[in-house]
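This report refers to the structure that appears directly beneath it.
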Amino acid sequence: MKIKIDSNFGLYGFHEESEIHLDGPRVTLGMVLEELAERSAGRINFIDSSTGAVDSLDFVLKVNGLLNSGSKKDLEANVNEGAIVSVKITLLDGGRQLGASFAHLSITLPGKNAKTIY
């Protein structure tokens, strides 16, 4: 199953691609986040092992444009073929949370076909 990944930061393990392929009869948002964490070789973990959820102060999640709370229950949501999973870092400004939709980082990825991600 092919799933597109959208992010406002450089995801380690993604050099020239913005999608992942997962196999199985059922793919969940939690499985997608675990795959991204695995590709980062432990550099980033989206799911807090003590709660089984994503901390909304760290990340904003959307699936096909719909907000996902990242709760343990919501990480069990099915992700279908061709879905767009958005993982955005929540940026803070002087202790205030800026909505991730307002924050964009420009990152140029290395490689033969280098591209800039906004």
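Residues 3 to 120 in the working numbering are what the sequence shown lists, from first letter to last.
Backbone N, C-alpha and C define an ideal beta-carbon position, used for all residues, glycine too.
All values derive from a computational prediction rather than experimental measurement.
Asked, Found
"Under the rule that 16 or more other beta-carbon atoms within 10 Å means buried, what is Asn66, buried or exposed?", "exposed"
"Where are the beta strand (DSSP E) runs, 3 residues long or more, that stay fully inside the region 62-92, in chain order?", "68-70, 86-91"
"Can you tell me where the beta strand (DSSP E) with Ser9 in it begins and where it stops?", "4-9"
"What is the residue span of the beta strand (DSSP E) that Asp22 lies within?", "Asp is not the amino acid found at residue 22; the sequence shown has Ile there. Note, Ile22: beta strand (DSSP E), 21-23."
"Out of Phe11, Arg28, Thr30, Leu38, which has the shortest C-alpha to C-alpha gap to Glu21?", "Leu38"
"Quick one: grab the DSSP three-state call for Ala43.", "coil"
"Tell me, please, which residues DSSP counts as bridged to Thr30.", "Asn80"
"Nearest-angstrom Cα distance between Ile86 and Arg41?", "18 Å"
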